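A.B. asks: Residue numbers (this note's numbering), protein chains in the order written: chain A, 66 to 412; chain B, 66 to 412. Heads up, the beta-carbon is just placed ideally off N, CA and C, and yes, glycines get one too. The model shown is predicted, which means the values in this text are computed figures rather than measured ones.
Number of protein chains: 2
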Amino acid sequence: MKQLVRGERARRVLEAIILEYISGGVPVGSRALAKRYGLNVSPATIRNVMADLEELGLLYQPHTSAGRIPTDLGLRVYIDSILKIKQLSSADRERIRRSYKGGVARVEGLLKETSKVLSSFSKQAGVVLTPRLSLTVFKRIEFVRLRAKMVMTILVSQAGIVHNTIFEIDGDISQEELDKYSRYLNDMLQDLTLHQVKARLLDEMKKEKVLFDRLLSKALELSQKALQENLEDSEIYIEGRTNLLDNPEFADVEQMRRIFNAFEEKSKIIDLLDKSMSAGGVNIFIGSESELLDMGSVSFITSPYTSGDDILGTLGVIGPTRMDYSRIIPLVDYTAKLLSKMLGEAL
Amino acid sequence: MKQLVRGERARRVLEAIILEYISGGVPVGSRALAKRYGLNVSPATIRNVMADLEELGLLYQPHTSAGRIPTDLGLRVYIDSILKIKQLSSADRERIRRSYKGGVARVEGLLKETSKVLSSFSKQAGVVLTPRLSLTVFKRIEFVRLRAKMVMTILVSQAGIVHNTIFEIDGDISQEELDKYSRYLNDMLQDLTLHQVKARLLDEMKKEKVLFDRLLSKALELSQKALQENLEDSEIYIEGRTNLLDNPEFADVEQMRRIFNAFEEKSKIIDLLDKSMSAGGVNIFIGSESELLDMGSVSFITSPYTSGDDILGTLGVIGPTRMDYSRIIPLVDYTAKLLSKMLGEAL
DNA sequence: ATTAGCACTCCTCTCTACGGAGTGCTAAGA
DNA sequence: TCTTAGCACTCCGTAGAGAGGAGTGCTAAT
Chain A
66 MKQLVRGERA
76 RRVLEAIILE
86 YISGGVPVGS
96 RALAKRYGLN
106 VSPATIRNVM
116 ADLEELGLLY
126 QPHTSAGRIP
136 TDLGLRVYID
146 SILKIKQLSS
156 ADRERIRRSY
166 KGGVARVEGL
176 LKETSKVLSS
186 FSKQAGVVLT
196 PRLSLTVFKR
206 IEFVRLRAKM
216 VMTILVSQAG
226 IVHNTIFEID
236 GDISQEELDK
246 YSRYLNDMLQ
256 DLTLHQVKAR
266 LLDEMKKEKV
276 LFDRLLSKAL
286 ELSQKALQEN
296 LEDSEIYIEG
306 RTNLLDNPEF
316 ADVEQMRRIF
326 NAFEEKSKII
336 DLLDKSMSAG
346 GVNIFIGSES
356 ELLDMGSVSF
366 ITSPYTSGDD
376 ILGTLGVIGP
386 TRMDYSRIIP
396 LVDYTAKLLS
406 KMLGEAL
Chain B
66 MKQLVRGERA
76 RRVLEAIILE
86 YISGGVPVGS
96 RALAKRYGLN
106 VSPATIRNVM
116 ADLEELGLLY
126 QPHTSAGRIP
136 TDLGLRVYID
146 SILKIKQLSS
156 ADRERIRRSY
166 KGGVARVEGL
176 LKETSKVLSS
186 FSKQAGVVLT
196 PRLSLTVFKR
206 IEFVRLRAKM
216 VMTILVSQAG
226 IVHNTIFEID
236 GDISQEELDK
246 YSRYLNDMLQ
256 DLTLHQVKAR
266 LLDEMKKEKV
276 LFDRLLSKAL
286 ELSQKALQEN
296 LEDSEIYIEG
306 RTNLLDNPEF
316 ADVEQMRRIF
326 NAFEEKSKII
336 DLLDKSMSAG
346 GVNIFIGSES
356 ELLDMGSVSF
366 ITSPYTSGDD
376 ILGTLGVIGP
386 TRMDYSRIIP
396 LVDYTAKLLS
406 KMLGEAL
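What follows is the structure, encoded as structure tokens:
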């Protein structure tokens with residue numbers, strides 16, 4: 066990719082255009098570039114370079130007599146081979162840390178808070194994907210008899226995530242009996258991932274058919290039901306949507322509607338975040354690169370977060386392709402690490 | 066209020082204007098009224114009536130040569146003393162019932178689903194306020210030792226609402242010990258509202274000071290911690306925000322921003338819904354009537370929902386003041402009753 | 001009390017004109 | 001061969017003028 070932009074000067078022009086465009090939001094012309102950035106060449110020369118960059122598909126001209134705008138590809142090249150990502154200043158880190166008020170009362174709350182932090186520091190929308198249950202480690206299961214034939218299962222993972230399911234059972238079961246089940250299961254399933262738990266349960270059920278142990282049988286059946294669903298589901302917390310309204314490129318209502326529709330549907334955003342979960346470190350999707358979402362010129366900057374050694378989910382920032390990547394990339398990176406640390410402490 | 070609009074004809078004109086405005090969205094003039102509604106009078110007469118209604122503050126003229134638009138007060142009069150609220154047709158009821166897919170796997174899910182139902186049937190935004198914990202009836206408490214000194218408390222209410230808190234404790238406590246605590250508490254607190262639970266705990270703590278029972282002491286202390294916060298907090302589920310974008314009156318970006326800001330902040334909306342919780346039946350806030358929210362010309366139609374005899378929360382529809390009240394009022398009413406029934410069955 | 005007629009107001013849409021920004025090209029200079 | 005000054009050209013955005021239309025309020029007649 067780096068080879069696409071041969072000369073040092075071309076690279077500097079591309080950078081200058083992108084910086085200017087990011088801060089200004091309007092097509093940038095040759096004169097402004099020559100003046101403001103110390104390129105020491107005339108506008109005419111810059112125009113020649115620009116024409117070359119346009120031919121390479123890195124720049125784009127909205128109309129004949131307008132300045133240039135970087136294309137998604139242009140931004141990609143810039144991010145991959147020009148931008149030097151700096152660390153967040155320690156003052157910024159401090160400010161981020163402080164903006165988490167109070168302790169970790171609930172994991173949910175922590176995630177939502179994180180999403181808010183991302184949004185307020187990036188001035189864009191912050192997003193956090195909740196942990197996939199199947200990836201978490203089993204800690205505890207409880208059954209609660211809500212009333213005749215109605216049972217609630219509560220599942221707690223090591224990272225402190227709580228999940229409950231209500232379902233109907235055939236015959237009524239007393240709370241004492243349910244407590245026996247859960248004691249039994251809690252012993253058996255310690256330290257397995259929920260994925261493994263599921264397998265283990267199936268396994269035990271086969272054995273049990275031979276043993277005819279009624280206690281086991283019921284316990285296994287109930288826990289199966291609880292695990293049947295939702296193991297692969299994730300939710301997302303999106304905060305700061307309205308920050309996007311401040312970006313002039315989203316001023317027209319049609320564009321807006323598309324973005325907010327995507328926010329409302331969520332499933333596509335979840336898919337995208339999901340995809341970036343396995344890839345370690347900061348991921349960047351620029352505009353059309355995330356084709357499935359027809360959100361127009363929107364970029365995602367994401368990073369997975371962990372608890373201990375387990376990848377739990379993904380967090381990130383959603384903003385216009387015209388975003389201050391140099392600030393937001395380290396922000397997302399640091400926030401992911403910070404959240405991982407906090408989840409590690411809570412666990 | 067009824068006296069404001071003296072004549073029968075004036076009332077009919079007001080009604081006609083509102084109906085026309087609701088369906089069309091543009092100021093309505095005297096000619097269109099005379100033609101379309103069987104008023105059997107000439108436009109000139111209608112103009113006279115309109116002038117009267119305007120003087121009363123029920124109508125409003127955007128500019129000299131425009132037709133009339135009902136004011137918030139006009140809509141209020143219409144809703145209170147002209148509109149006859151019909152029942153939802155049984156076909157509609159059936160369709161609503163069917164749109165709840167599957168059973169009640171989780172209360173949360175059920176509430177979110179309800180919010181979606183409200184939004185899709187109203188073509189506006191649907192909103193559901195989650196139950197205030199303090200109003201719910203205690204069912205069960207569990208303690209889970211996450212790791213040294215870290216304990217999670219899980220609280221289950223009779224209606225199937227689960228709430229968890231993670232906190233740090235001074236000395237480490239084994240899971241076995243924690244189980245003892247919860248067994249003790251579960252016996253003690255059965256069938257109290259969480260509000261009462263809190264009082265009861267304080268009570269017991271006083272007694273315990275005399276008895277010096279270490280088990281009691283610890284158990285009480287932990288549960289106190291868990292209940293310390295969040296009892297009064299509510300969340301809301303808002304679905305179908307983008308439906309509001311289809312309303313022409315929200316076409317301009319500034320108006321939009323205000324509404325979405327309110328959605329983002331939530332706390333003010335929660336306050337409003339909270340207020341309408343105690344008042345039974347369907348509540349309506351028209352535009353400026355809910356002053357605290359500067360959402361512009363937005364109306365709320367809300368109704369509390371229950372589980373058994375307890376009021377749990379509020380649900381409703383948010384839309385432009387220009388909304389089809391005759392359809393949406395019974396929709397909200399029915400949905401609230403349906404949700405109450407479903408929660409009653411699950412509990 | 002109602003209504004036909006009419007002058008008047010104000011909005012909205014379209015068309016045109018014009019200044020400005022930025023380009024590409026050409027030809028001259030280093 | 002690369003750079004640059006100069007220039008004609010293109011296209012956007014805005015402002016202003018004018019026409020058409022919808023709707024009103026008033027007056028006078030029924």
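(1) Excluding five sequence neighbours on each side, which residues of the same chain lie with their C-beta closer than 8 Å to the C-beta of residue 229(A)?
(2) Inspect the CB distances between the stretch 197-214 of chain B and the stretch 199-211 of chain A and report whether three or more fall short of 8 Å.
(3) Within 10 angstroms of the Cβ of residue 369(A), are there 16 or more other Cβ atoms? Answer buried if so, exposed if not.
(4) What number of angstroms, rounded off, separates the C-alpha of residue 193(B) from the C-alpha of residue 100(A)?
(5) Run through chain A and tell me which residues come within less than 7 Å of residue 220(B), C-beta to C-beta.
(6) Considering only DSSP beta bridges, list what residue 215(A) is partnered with.
(7) What do you reckon, are the CB atoms on residue 231(A) and residue 224(B) nearer than 8 Å?
(8) Suppose only complete runs of 3+ residues qualify. What are the beta strand (DSSP E) ranges in the stretch 311-363 of chain A, listed by chain order?
(9) Answer yes or no: does any C-beta atom of chain B fall closer than 8 Å to that of residue 314(A)?
(10) Considering just the uninterrupted stretch of the alpha helix (DSSP H) at residue 110(A), what are its terminal residues?
(11) Roughly how many angstroms separate the alpha carbons of residue 314(B) and residue 320(A), rounded to a whole number?
(12) Give me the Cα-Cα distance between residue 339(B) and residue 316(B), rounded to the nearest whole angstrom.
(13) Do you know how far the Cα of residue 305(B) is from the Cα of residue 309(A)?
(14) Might you give, ordered along the chain, the residues of its own chain that have their beta carbon closer than 6 Å to the beta carbon of residue 337(B), omitting 5 neighbours on each side?
(15) Locate the alpha helix (DSSP H) running through residue 201(B), then write down its first and last residues.
(16) Please state the DSSP three-state secondary structure of residue 58(A).
(17) Using a Cβ-Cβ distance under 8 Å, would residue 325(A) count as near chain B?
(18) Can you name the residues of chain A whose CB is closer than 8 Å to the CB of residue 204(B)?
(19) Are the stretch 383-391 of chain A and the stretch 184-200 of chain A touching by the rule of at least three beta carbon pairs closer than 8 Å?
(20) Check whether chain B comes within 8 Å of residue 382(A), counting only Cβ atoms and requiring the distance to be less than that.
(21) Could you tell me whether the Cβ of residue 217(B) comes closer than 8 Å to any Cβ of chain A?
(22) According to a CB-to-CB cut-off of less than 7 Å, which residues of the stretch 327-345 of chain B neighbour chain A?
(23) Would residue 263(A) and residue 243(A) be called neighbours here (beta carbons separated by less than 8 Å)?
(24) Measuring alpha carbon to alpha carbon, tell me which of 259(A), 239(A) and 286(A) ends up nearest residue 270(A).
(25) Assuming residue 382(A) is part of the beta strand (DSSP E), what are its boundary residues?
(26) Buried or exposed: where does residue 150(A) fall if 16 or more other Cβ atoms within 10 Å of its Cβ makes it buried?
(27) Among 85(A), 361(A), 118(A) and 155(A), whose alpha-carbon lies nearest the alpha-carbon of residue 399(A)?
(28) When you check each C-beta in the stretch 94-106 of chain A against every C-beta of chain B, which residues fall closer than 7 Å?
(29) Going by other Cβ atoms of all chains shown within 10 Å of its Cβ, with 16 needed for buried, is residue 364(B) buried or exposed?
(30) Express the C-alpha separation of residue 395(B) and residue 76(B) in angstroms, rounding to a whole number.
(31) By the criterion of Cβ-Cβ separation under 9 Å, what are the contact partners of residue 195(B) in chain A?
(32) By the DSSP assignment, the beta strand (DSSP E) with residue 224(B) in it spans what residues?
(33) Report the rounded CA-to-CA distance for residue 201(A) versus residue 133(A), giving the unit in angstroms.
(34) Assuming residue 197(A) and residue 119(A) make a contact with CB atoms under 8 Å, what is their CB distance in whole Å?
(35) Residue 122(A) and residue 140(A) - do their beta-carbons sit closer together than 8 Å?
(36) Just mark residue 213(A) as buried or exposed, buried being the case when its beta carbon has 16 or more other beta carbons within 10 Å.
C.D. replies: Quick answer:
(1) Excluding sequence neighbours, residue 229(A) sits near 217, 218, 219 and 220.
(2) At 8 Å Cβ cutoff, the stretches touch.
(3) Buried.
(4) Roughly 56 Å separates the two Cα atoms.
(5) Residues of chain A with a Cβ closer than 7 Å to the Cβ of residue 220(B) do not exist; the shortest Cβ-Cβ separation is about 10 Å.
(6) Beta-bridge partners assigned by DSSP to residue 215(A): 212(A) and 233(A).
(7) Their beta carbons are not under 8 Å apart, which means residue 231(A) does not touch residue 224(B) by this criterion.
(8) Complete beta strand (DSSP E) runs here, min 3: 348-350.
(9) Not one beta carbon of chain B lies nearer than 8 Å to the beta carbon of residue 314(A).
(10) Run containing residue 110(A): 108-120, per the alpha helix (DSSP H) assignment.
(11) Cα to Cα, the separation comes out at about 17 Å.
(12) C-alpha separation (whole angstroms): 29 Å.
(13) In a straight line, the C-alpha of residue 309(A) is about 18 Å away from that of residue 305(B).
(14) Taking C-beta separations shorter than 6 Å and ignoring five residues to either side along the sequence, the partners of residue 337(B) in its chain run 355, following chain order.
(15) Neither: residue 201(B) is in no alpha helix (DSSP H) and is coded neither H nor E.
(16) What the structure shows of chain A is the stretch from 66 to 412, and residue 58(A) is not part of that stretch, so it cannot be assessed.
(17) Residue 325(A) counts as touching chain B.
(18) Within 8 Å Cβ-Cβ: 209 and 211.
(19) With the cut-off at 8 Å, the stretch 383-391 of chain A and the stretch 184-200 of chain A touch.
(20) Under the Cβ criterion of 8 Å, residue 382(A) is not counted among the residues facing chain B.
(21) Yes, contact with chain A.
(22) Contact annotation: in the stretch 327-345 of chain B, residues whose CB is within less than 7 Å of a CB in chain A are 329.
(23) Cβ distance not < 8 Å, so residue 263(A) and residue 243(A) don't count as in contact.
(24) The candidate whose alpha carbon is nearest that of residue 270(A) is 286(A).
(25) Unbroken beta strand (DSSP E) run through residue 382(A): 375-385.
(26) Result: exposed.
(27) For residue 399(A), the closest alpha carbon among the candidates 85(A), 361(A), 118(A) and 155(A) is that of 155(A).
(28) Residues passing the 7 Å Cβ filter: none.
(29) Residue 364(B) is buried by the Cβ-count criterion.
(30) Rounded to whole angstroms, the gap between the alpha carbons of residue 76(B) and residue 395(B) is 22 Å.
(31) Those do not exist, as residue 195(B) stays about 13 Å from chain A at its closest Cβ, beyond 9 Å.
(32) Premise fails: residue 224(B) is in no beta strand (DSSP E) and is neither H nor E.
(33) Within the model, the alpha-carbon separation for residue 201(A) versus residue 133(A) is close to 48 Å.
(34) Not confirmed; about 43 Å, so no contact.
(35) No. Outside cutoff.
(36) With fewer than 16 other Cβ atoms from the protein chains shown falling within 10 Å of its own Cβ, residue 213(A) counts as exposed.
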